[in-house]
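Below is one structure, written out as structure tokens, with a few remarks after it.
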Amino acid sequence: MIHPHPCIPTLGRESQRIGAIPGPMENGGIPEGYTGDATQQYKYSSRSDPLNLNRETEPRRHKLKFQAQDFITSVLFVIVAFIILSVLIRATVKILREYERGVVFTLGRFQKVKGPGFIVLTPFVQEMVRVDLRIQVIEIPAQDVISRGNVSMKVDAVLYFNVIDPEHAVIKVQQYLPATVMLAQTTLRAVLGQHPLDEMLSERKKLSQDLQGILEGQTEVWGIKISNVEIRAVELTENMIRAIAKQAEAERDRRAKIIHAEAEFQAAQTLVDAATILSSVPAAMQLRYLQTLTEIGAEQNSTVIFPMPLDIIKPLLALLDSKAAAVPPPPLPVAVHAVA
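Residue numbers (the numbering used here): 1 to 340.
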């Protein structure tokens, strides 16, 4: 029987077999016969582990540690690569719809207008600005306007426009949308201030055409076409509404009186013309006279004394006058003188 060296810890029975491979000690690496505190970890040293029984576990621990570090590094690399690839794809590939165009710049210089469809750009060298070609509807906020008659009011309108030249819309003006809205506001105040209130209320279509023409002349250099400008509402104060109502009523009375006076004048003129015609034809005058008497007698059962017409009596009077002229006058009486 082989007696162990006093400095060598006692191995387990299975480890003492012939040909057994030394392994870690039983009981969590605590040698048999150890009477110390079991909660304290037994520290091996050259004296406690002279055969280096623990030498196979250390490389394995280092290997597992390196494998974990390699796995974490690989995961981080994949994540970073995915982020970089996504950024490159987003900066390189562009898809434009049918109503969109892309203004492409290469190193800050304008290159061309592309689209619609699939667009490929050079990363970090080229950039693109999207432009919508559809008609846009903008509500112009209510503007304080003073008419030519010094009437204050609020007027709001609606503006319809679209981009026809994407290059000029991006290069000629910084932001074409707010620039167009501000221009429409100032033009609305300037144009309406040159017209009286009556025209604003009754001739909105003409004013809208004037506004459209002025805006088109100013936005043409921006590559923008003004399709239409509609004046939507004209708001007045309560006092102004009452004053306008009184003015309209007085205007209606004036026109009614003028129409009545013109009617009387025309009637009088017609009577004068009729009298002139009747006086020139005596027979027509007699017929008119008889017609009037007939109308008077038809209303009630009354007796009408109809005098003899002068035209009928006139020949008789002329005959009597002629006979009277033919009879000689009677002789004058002779005076008798007495002889004394």
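Beta carbons are placed, not taken as given, at the ideal position from N, Cα and C, and that holds for glycine.
- Taking one beta carbon from each stretch, the segment 230-237 and the segment 141-156 have 3 or more pairs nearer than 8 Å; the two touch.
- Here Val-113 is near Gly-102, since their CB atoms are less than 9 Å apart.
- Secondary structure note for Gly-149: it is in no beta strand (DSSP E), with a DSSP letter that is neither H nor E.
- For Phe-118, the enclosing beta strand (DSSP E) begins and ends at 117-120.
- With contacts defined as CB atoms closer than 9 Å, Pro-123 and Ala-91 qualify as a contacting pair.
- Note on Thr-187: 16 or more other CB atoms within 10 angstroms of its CB, so buried under the neighbour-count rule.
- For Asp-156, DSSP records a beta bridge to Ala-233.
- In this structure, Asp-198 is the residue among Tyr-176, Asp-198, Gln-143 with its C-alpha nearest to the C-alpha of Ile-244.
- When C-beta atoms of the segment 165-177 are compared with those of the segment 212-228, three or more pairs fall below 8 Å, so the two segments count as touching.
- A Cβ-Cβ contact shorter than 9 Å links Gln-143 with Gln-185.
- With contacts defined as CB atoms closer than 9 Å, Met-182 and Ser-147 fail to qualify as a contacting pair.
- Counting every other CB atom within 10 Å of its CB across the protein chains shown gives Gly-213 a total below 16, marking it as exposed.
- By the criterion of a C-beta distance shorter than 7 Å, Val-137 is surrounded in its chain by Val-158, Tyr-160, once the five residues flanking it on both sides are discounted.
- CA-CA distance, Glu-167 to Leu-207, rounds to 31 Å.
- Here the alpha carbons of Phe-77 and Met-128 stand approximately 30 Å from one another.
- For Lys-257, the enclosing alpha helix (DSSP H) covers residues 238-280.
- When secondary structure is reduced to three states using DSSP, Phe-66 falls in the helix class.
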